[in-house]
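A quick write-up on the structure given underneath.
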Amino acid sequence: MEELGNETPETHDCAIELRLKPQRRKEKVVIGCGAGFGGDRPIAALKLLERVKELDYLVLECLAERTLAERYGAMKSGGKGHDPRISEWMQLLLPLAVKRGVRIITNMGAKSPHGAQEEVLHIASKLGINISIGLAYQSSVSEIAADDQLKYVDGVRFGTLYYLRC
1 MEELGNETPE THDCAIELRL KPQRRKEKVV IGCGAGFGGD RPIAALKLLE RVKELDYLVL
61 ECLAERTLAE RYGAMKSGGK GHDPRISEWM QLLLPLAVKR GVRIITNMGA KSPHGAQEEV
121 LHIASKLGIN ISIGLAYQSS VSEIAADDQL KYVDGVRFGT LYYLRC
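Using UniProt numbering, the first residue of the sequence shown is number 1, and each one after it goes up by one.
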(Lines of atoms letter the chains of each structure in order from A; the text may use other names.)
(Lines give C-alpha, C1' and ligand atoms only; values in the text may rest on other atoms or scores of the structure.)
Protein backbone atom coordinates (compact mmCIF):
# COMPACT_ATOMS: atom_id res chain seq x y z
CA MET A 1 0.00 0.00 0.00
CA GLU A 2 1.34 3.43 -0.92
CA GLU A 3 2.27 5.78 1.93
CA LEU A 4 0.64 9.20 1.83
CA GLY A 5 2.47 11.68 4.05
CA ASN A 6 2.34 11.77 7.84
CA GLU A 7 -0.54 9.38 8.48
CA THR A 8 -1.58 8.07 11.86
CA PRO A 9 -1.90 4.30 12.49
CA GLU A 10 -5.71 4.34 12.36
CA THR A 11 -5.67 5.52 8.75
CA HIS A 12 -4.65 2.06 7.61
CA ASP A 13 -6.69 -0.22 9.84
CA CYS A 14 -8.56 -1.74 6.90
CA ALA A 15 -6.68 -3.80 4.33
CA ILE A 16 -7.98 -3.53 0.78
CA GLU A 17 -7.11 -6.49 -1.40
CA LEU A 18 -8.14 -7.38 -4.93
CA ARG A 19 -10.06 -10.62 -5.22
CA LEU A 20 -8.38 -13.50 -6.99
CA LYS A 21 -10.45 -14.69 -9.94
CA PRO A 22 -13.21 -12.15 -9.33
CA GLN A 23 -16.67 -13.34 -10.27
CA ARG A 24 -19.86 -11.41 -10.60
CA ARG A 25 -21.86 -12.12 -7.49
CA LYS A 26 -25.24 -11.08 -8.83
CA GLU A 27 -26.80 -10.07 -12.09
CA LYS A 28 -28.42 -7.07 -10.42
CA VAL A 29 -28.22 -5.20 -7.14
CA VAL A 30 -31.39 -3.72 -5.66
CA ILE A 31 -30.97 -0.49 -3.68
CA GLY A 32 -33.86 1.17 -1.85
CA CYS A 33 -33.96 4.57 -0.20
CA GLY A 34 -35.79 4.53 3.13
CA ALA A 35 -35.08 8.17 4.08
CA GLY A 36 -34.38 11.32 2.12
CA PHE A 37 -34.00 14.02 4.75
CA GLY A 38 -33.33 14.49 8.46
CA GLY A 39 -37.00 14.60 9.40
CA ASP A 40 -38.06 11.37 7.72
CA ARG A 41 -39.79 8.67 9.74
CA PRO A 42 -38.44 5.13 9.96
CA ILE A 43 -41.75 3.46 9.09
CA ALA A 44 -41.17 4.03 5.34
CA ALA A 45 -37.82 2.24 5.58
CA LEU A 46 -39.45 -0.63 7.47
CA LYS A 47 -42.17 -0.95 4.81
CA LEU A 48 -39.48 -1.05 2.13
CA LEU A 49 -37.67 -3.83 4.01
CA GLU A 50 -40.91 -5.78 4.41
CA ARG A 51 -42.21 -5.37 0.86
CA VAL A 52 -39.17 -5.53 -1.42
CA LYS A 53 -38.00 -9.11 -1.04
CA GLU A 54 -35.01 -8.76 -3.38
CA LEU A 55 -33.62 -5.66 -1.57
CA ASP A 56 -29.83 -5.75 -1.14
CA TYR A 57 -29.10 -2.29 0.29
CA LEU A 58 -31.23 0.16 2.24
CA VAL A 59 -30.05 3.78 2.12
CA LEU A 60 -31.00 6.20 4.90
CA GLU A 61 -30.02 9.67 3.66
CA CYS A 62 -30.57 11.85 6.74
CA LEU A 63 -27.90 14.55 6.49
CA ALA A 64 -27.72 17.97 4.88
CA GLU A 65 -25.87 21.17 5.61
CA ARG A 66 -28.55 22.27 8.10
CA THR A 67 -28.58 18.98 10.01
CA LEU A 68 -24.78 18.83 9.97
CA ALA A 69 -24.68 22.29 11.55
CA GLU A 70 -27.23 21.19 14.16
CA ARG A 71 -25.14 18.13 15.06
CA TYR A 72 -22.00 20.26 15.28
CA GLY A 73 -23.77 22.68 17.62
CA ALA A 74 -25.08 19.83 19.76
CA MET A 75 -21.62 18.27 19.96
CA LYS A 76 -20.02 21.58 20.98
CA SER A 77 -22.64 21.86 23.74
CA GLY A 78 -21.78 18.43 25.12
CA GLY A 79 -24.45 16.49 23.22
CA LYS A 80 -24.25 13.82 20.56
CA GLY A 81 -22.59 14.64 17.26
CA HIS A 82 -24.59 11.94 15.49
CA ASP A 83 -28.30 11.79 14.73
CA PRO A 84 -30.07 11.17 18.06
CA ARG A 85 -32.72 9.09 16.27
CA ILE A 86 -30.24 6.42 15.20
CA SER A 87 -31.22 4.23 18.17
CA GLU A 88 -34.91 4.32 17.25
CA TRP A 89 -34.18 3.60 13.59
CA MET A 90 -31.76 0.74 14.20
CA GLN A 91 -33.92 -0.94 16.85
CA LEU A 92 -36.71 -1.01 14.29
CA LEU A 93 -34.71 -1.92 11.18
CA LEU A 94 -31.77 -4.09 12.26
CA PRO A 95 -33.66 -7.30 13.11
CA LEU A 96 -35.35 -7.59 9.72
CA ALA A 97 -32.37 -6.23 7.77
CA VAL A 98 -30.04 -8.80 9.30
CA LYS A 99 -32.56 -11.62 8.88
CA ARG A 100 -32.95 -10.78 5.17
CA GLY A 101 -29.26 -9.98 4.54
CA VAL A 102 -29.94 -6.33 3.68
CA ARG A 103 -27.08 -3.91 4.29
CA ILE A 104 -27.93 -0.48 5.68
CA ILE A 105 -26.06 2.55 4.40
CA THR A 106 -26.57 5.81 6.27
CA ASN A 107 -24.98 9.13 7.06
CA MET A 108 -26.66 9.44 10.46
CA GLY A 109 -23.19 9.56 12.01
CA ALA A 110 -22.95 13.25 11.01
CA LYS A 111 -20.15 14.87 13.06
CA SER A 112 -19.58 11.75 15.19
CA PRO A 113 -19.54 8.60 13.06
CA HIS A 114 -17.57 6.79 15.78
CA GLY A 115 -20.27 7.64 18.34
CA ALA A 116 -22.96 6.39 15.97
CA GLN A 117 -20.98 3.21 15.37
CA GLU A 118 -20.74 2.55 19.12
CA GLU A 119 -24.44 3.20 19.60
CA VAL A 120 -25.48 0.88 16.77
CA LEU A 121 -23.17 -1.88 18.01
CA HIS A 122 -24.69 -1.49 21.49
CA ILE A 123 -28.22 -1.74 20.07
CA ALA A 124 -27.29 -4.80 18.02
CA SER A 125 -25.80 -6.43 21.11
CA LYS A 126 -28.98 -5.76 23.11
CA LEU A 127 -30.99 -7.32 20.27
CA GLY A 128 -28.69 -10.35 20.20
CA ILE A 129 -27.50 -9.51 16.69
CA ASN A 130 -23.88 -9.80 15.56
CA ILE A 131 -23.00 -7.17 12.93
CA SER A 132 -19.99 -5.43 11.47
CA ILE A 133 -19.97 -1.76 10.54
CA GLY A 134 -18.01 -0.03 7.80
CA LEU A 135 -17.26 3.53 8.80
CA ALA A 136 -16.38 6.55 6.68
CA TYR A 137 -15.06 9.49 8.62
CA GLN A 138 -13.24 12.75 8.17
CA SER A 139 -9.89 13.43 9.77
CA SER A 140 -8.69 16.90 10.62
CA VAL A 141 -5.90 17.78 8.23
CA SER A 142 -4.04 19.64 10.97
CA GLU A 143 -3.72 16.36 12.91
CA ILE A 144 -1.84 14.55 10.15
CA ALA A 145 -0.14 17.21 8.01
CA ALA A 146 2.29 20.00 8.71
CA ASP A 147 1.05 23.49 7.90
CA ASP A 148 3.48 23.78 4.98
CA GLN A 149 1.93 20.65 3.37
CA LEU A 150 -1.54 22.17 3.18
CA LYS A 151 -2.91 24.05 0.21
CA TYR A 152 -4.26 27.55 0.81
CA VAL A 153 -6.64 29.36 -1.54
CA ASP A 154 -7.59 32.90 -0.52
CA GLY A 155 -6.51 32.11 3.04
CA VAL A 156 -8.69 28.97 3.29
CA ARG A 157 -6.92 25.71 4.17
CA PHE A 158 -7.66 22.66 1.98
CA GLY A 159 -6.69 19.01 2.19
CA THR A 160 -9.39 17.14 4.12
CA LEU A 161 -9.10 13.36 3.94
CA TYR A 162 -11.69 10.61 4.21
CA TYR A 163 -11.13 7.03 5.34
CA LEU A 164 -13.11 3.84 5.36
CA ARG A 165 -12.79 1.88 8.57
CA CYS A 166 -13.86 -1.75 8.65
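The beta-carbon is built from N, C-alpha and C at its ideal position, and this holds for glycine as well.
In the DSSP output, what is residue 59 paired with across the bridge?
33, 105
For residue 123, report the span of its alpha helix (DSSP H) as first-last.
113–126
Other residues of its chain near residue 44: CB distance less than 8 Å, five sequence neighbours each side excluded
34, 35
If contacts are defined as beta-carbon pairs under 8 Å, then residue 64 and residue 38 qualify, I think. What distance do you get, rounded to the angstrom?
7 Å
Check whether residue 60 and residue 108 have beta carbons under 8 Å apart:
yes
Does the separation of the CB atoms of residue 96 and residue 42 fall below 8 Å?
no
Return helix, strand or coil for residue 45, following the three-state DSSP convention.
helix
To the nearest angstrom, how far is it from the Cα of residue 32 to the Cα of residue 76?
34 Å
Inter-residue spacing [alpha-carbon to alpha-carbon] between residue 3 and residue 20:
Any reading at residue 3 is ruled out, since the residue's pLDDT is 38, under 50, leaving its predicted position unreliable.
Among 121, 28, 102, the one whose alpha carbon lies nearest that of residue 51
102
Report the residue from 80, 27, 94, 135 whose alpha carbon sits nearest the alpha carbon of residue 54.
27
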